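Below is one structure, written out as structure tokens, with a few remarks after it.
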Amino acid sequence: MNNFEFKNPTKIIFGKDSIEKLSNEIPKDAKVLMLYGGGSIKKNGIYDQVKSALADVEVVEFGGIPANPEYAVLMEALKIIKDQNITYLLAVGGGSVIDGTKFLSAAALFEGNSPWDILAKNMKTEKGMPFGTVLTLPATGSEMNSGAVITRAETKEKLSMGGPGLFPEFSILDPQVITSIPERQLANGLTDAFTHVLEQYMTYPIDAKLQDRFAESILQTLIEVAPKVLKDPTDYKAASDFMWSCTMALNGLIQKGVPGDWAVHAIGHELTALFGIDHARTLAVIAPSHYKFNFETKKDKLAQYAERVWNITEGNTDDKAHAAIDKTVAFFHGLGIDTKLSEYTKDYEGTAEIISKRFTEREWLGLGEHKSLSPDMVEEIVKMAY
């Protein structure tokens with residue numbers, strides 16, 4: 001196991017009717033900017049629950065954060081933060097709203113000329129404006145980590161940011177919120193969390209037994225509860241396992257002491273930026289081709305995954321590893337997730353070259369756990385995913 005340091009300061013408040021505990025977490029003298037997305041929280045009762053819990057706090061609202069948090073929209077919110085002397089941020093939404101709030105947390109205290117530099121120059125945020133979250137869509141794990149991804153439509157870019165100053169102070173997780181989530185978004189959430197685990201697990205054996213089993217247990221749980229969640233989102237037991245699995249998939253725990261990949265995300269972000277494809281679906285497009293292209297360096301871990309997660313015991317290492325990739329694709333298909341780029345856009349020709357050029361220009365010359373995946377190799381992986 002590799003050396004590591006681990007600190008996650010986010011307080012998790014989990015369970016039925018936990019939104020009413022919100023009033024205990026925000027300072028009474030705070031001036032709060034409440035951020036949310038397209039307004040579904042006003043239809044499913046979450047908005048009323050939050051407003052009721054914040055009855056004694058001064059609250060300003062900002063809605064309309066899109067599914068891929070858009071820089072131009074967030075700059076409108078930043079102006080409100082500055083003009084109205086906001087002191088605390090509250091994200092009420094899924095990963096996109098929470099990621100947007102993290103950007104605002106950093107941008108509110110940023111002293112440079114252009115807040116886009118936080119992303120473009122990969123600046124680490126040591127201190128941000130304090131914020132909390134009320135999770136409405138399990139998927140990204142953003143409610144318990146310090147990373148975010150922001151989109152800029154005018155340049156068709158999607159870049160990541162983070163730092164120790166961007167952990168939520170608290171996150172409220174009430175599994176009952178999933179009862180109003182459309183099936184497509186539930187499938188996205190399952191796919192997103194599943195791939196988050198694979199990014200931290202599907203590398204090479206390093207004899208970190210506990211970390212491997214943590215990761216495998218999350219994968220097994222997602223596989224088990226996926227059909228239940230899709231069939232009946234009111235199944236509280238399944239919803240609880242789903243929500244907590246999504247959080248545990250990316251709160252930092254399973255990545256400690258082990259190598260990480262994240263090439264699938266780097267490539268997938270480009271597909272979202274170029275075509276507007278749902279984030280989770282870009283991961284399902286790229287992951288199978290990525291594992292096939294890097295088969296020789298990943299096959300030992302793929303075979304372990306085959307045995308422990310999919311109960312595949314027959315055949316040699318290569319046989320098991322190939323079967324594991326097939327099982328993963330079948331799992332995505334079972335969720336209603338397509339796994340080829342041509343199933344999302346007819347304009348896929350040339351995509352591989354565009355992404356390769358972008359990575360070269362950014363000097364992203366060595367992705368993956370071995371830092372050996374060049375832009376030319378990325379180009380081949382994307383072509384395999386057509």
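Using the UniProt record's numbering, read the sequence shown as starting at 1 and increasing by one per residue.
Using N, Cα and C, we set each Cβ at its ideal position, and we do this for glycine too.
Since we're looking at a predicted model, the values are computed, not measured.
Rounded Cβ spacing between residue i and residue j (contact assumed at less than 8 Å)
i, j, result
"Ser96", "Pro66", "7 Å"
"Tyr291", "Ser342", "Contact doesn't hold; Cβ gap of about 19 Å is too wide."
"Thr101", "Leu35", "5 Å"
"Gln176", "Tyr236", "7 Å"
"Thr151", "Glu224", "Rounded, the Cβ-Cβ distance is 33 Å, inconsistent with contact."
"Glu369", "Asp192", "Wrong, their Cβ atoms sit about 20 Å apart, outside the cutoff."
"residue 389", "Ala284", "Because the chain in this structure spans residues 1 to 386, residue 389 falls outside the shown range and cannot be described."
"Tyr344", "Phe275", "6 Å"
"Ala148", "Asp99", "4 Å"
"residue 394", "Lys31", "Here the chain comprises residues numbered 1 to 386, so residue 394 is not present and cannot be evaluated."
"Gly38", "Gly64", "7 Å"
"Pro130", "Glu157", "28 Å between Cβ atoms; not a contact."
"Gly141", "Thr221", "Their Cβ separation, rounded to whole angstroms, is 14 Å, which puts Gly141 and Thr221 out of contact at 8 Å."
"Leu190", "Ala226", "5 Å"
"Ser289", "Ile381", "5 Å"
"Val329", "Thr339", "5 Å"
Among the options, nearest to residue i - alpha-carbon criterion
i, options, result
"His269", "Ala72, Ile355, Gly63 and Ser23", "Ile355"
"Thr136", "Glu307, Phe242, Glu379 and Phe275", "Phe242"
"Gly257", "Glu126, Leu35, Glu169 and Asp207", "Asp207"
"Ala106", "Phe167, Arg152 and Val60", "Phe167"
"Trp364", "Lys16, Ile81, Lys121 and Lys31", "Lys121"
"Pro375", "Ser289, Lys79, Leu35 and Ala263", "Ala263"
"Leu250", "Thr351, Phe275 and His196", "His196"
"residue 395", "Val134, Trp116 and Pro9", "Nothing can be reported for residue 395: it is not among the residues displayed for the chain, which extend from 1 to 386."
"Ala352", "Phe332, Met384, Gly366 and Arg362", "Met384"
"Val200", "Leu190, Gly189, Ala215 and Lys209", "What sits at residue 200 in the sequence shown is Gln, not Val. For Gln200, the nearest C-alpha among the options comes from Ala215."
"Lys79", "Gly63, Met377, Ala108 and Leu210", "Ala108"
"Phe194", "Met123, Ile118 and Val309", "Val309"
"Leu90", "Ser171, Asn44 and Leu119", "Ser171"
"Phe110", "Ser289, Met123 and Val329", "Met123"
"Trp244", "Leu74, Ile46 and Glu143", "Glu143"
"Lys327", "Asn316, Gly315, Thr317 and Asn311", "Asn311"
"Val60", "Lys231, Asn68 and Ala77", "Ala77"
"Lys320", "Gly350, Phe295, Gln185 and Val73", "Phe295"
"Arg358", "Ile81, Leu159, Lys231 and Gln49", "Leu159"
"Met202", "Pro233, Ser180, Gln304 and Pro138", "Gln304"
"Lys11", "Gly366, Gly132 and Gln211", "Gly132"
"Glu20", "Lys7, Leu33, Asp56 and Lys340", "Asp56"
"residue 392", "Lys346, Ile178 and Glu314", "The first residue shown for the chain is 1 and the last is 386, placing residue 392 beyond what the model contains."
DSSP-derived helix/strand/coil call for residue i
i, result
"Lys11", "strand"
"Lys383", "helix"
"Phe4", "coil"
"Ala30", "coil"
"Gly334", "helix"
"Arg202", "Just to set this straight, residue 202 is Met in the shown sequence, not Arg. Residue state, collapsed to three classes: coil."
"Tyr88", "strand"
"Ser374", "coil"
"Val57", "coil"
"Lys346", "coil"
"Gly189", "helix"
"Leu159", "strand"
"Leu35", "strand"
"Phe170", "strand"
"Leu365", "coil"
"Glu25", "coil"
Classification of residue i by the beta-carbon crowding that lies within 10 angstroms, buried from 16 upward
i, result
"Ser372", "exposed"
"Gly252", "buried"
"residue 474", "This structure does not reach residue 474, given that the chain is present from 1 up to 386, and the question cannot be answered."
"Arg213", "exposed"
"Pro27", "exposed"
"Thr272", "buried"
"Asn113", "exposed"
"Ser146", "buried"
"Asn3", "exposed"
"Pro205", "exposed"
"His322", "buried"
"Asn24", "exposed"
"Met1", "exposed"
"Pro164", "exposed"
"Ser52", "exposed"
"Glu379", "buried"
"residue 429", "With the chain covering 1 to 386 only, the question about residue 429 has no answer from this structure."
"Thr234", "exposed"
"Thr125", "buried"
"Ala287", "buried"
"Gln84", "exposed"
Heavy atom of the ligand MN within 7 Å of residue i beta-carbon
i, result
"Leu230", "This structure does not include the ligand MN; it has no bound ligands of any sort."
Residue i at chain C interface by Cβ criterion, 8 Å
i, result
"Pro69", "Checking the listed chains, one finds no chain C in this structure; it contains a single protein chain."
Original post:
For the stretch 93-151, which segments carrying the alpha helix (DSSP H) assignment without a break, of at least 4 residues, lie completely within its bounds, in sequence order?
Top reply: 95-108 and 117-120
Subject >> Length at least 4, wholly inside the stretch 244-329: the alpha helix (DSSP H) runs in chain order >> reply: 263-275, 279-293 and 295-310
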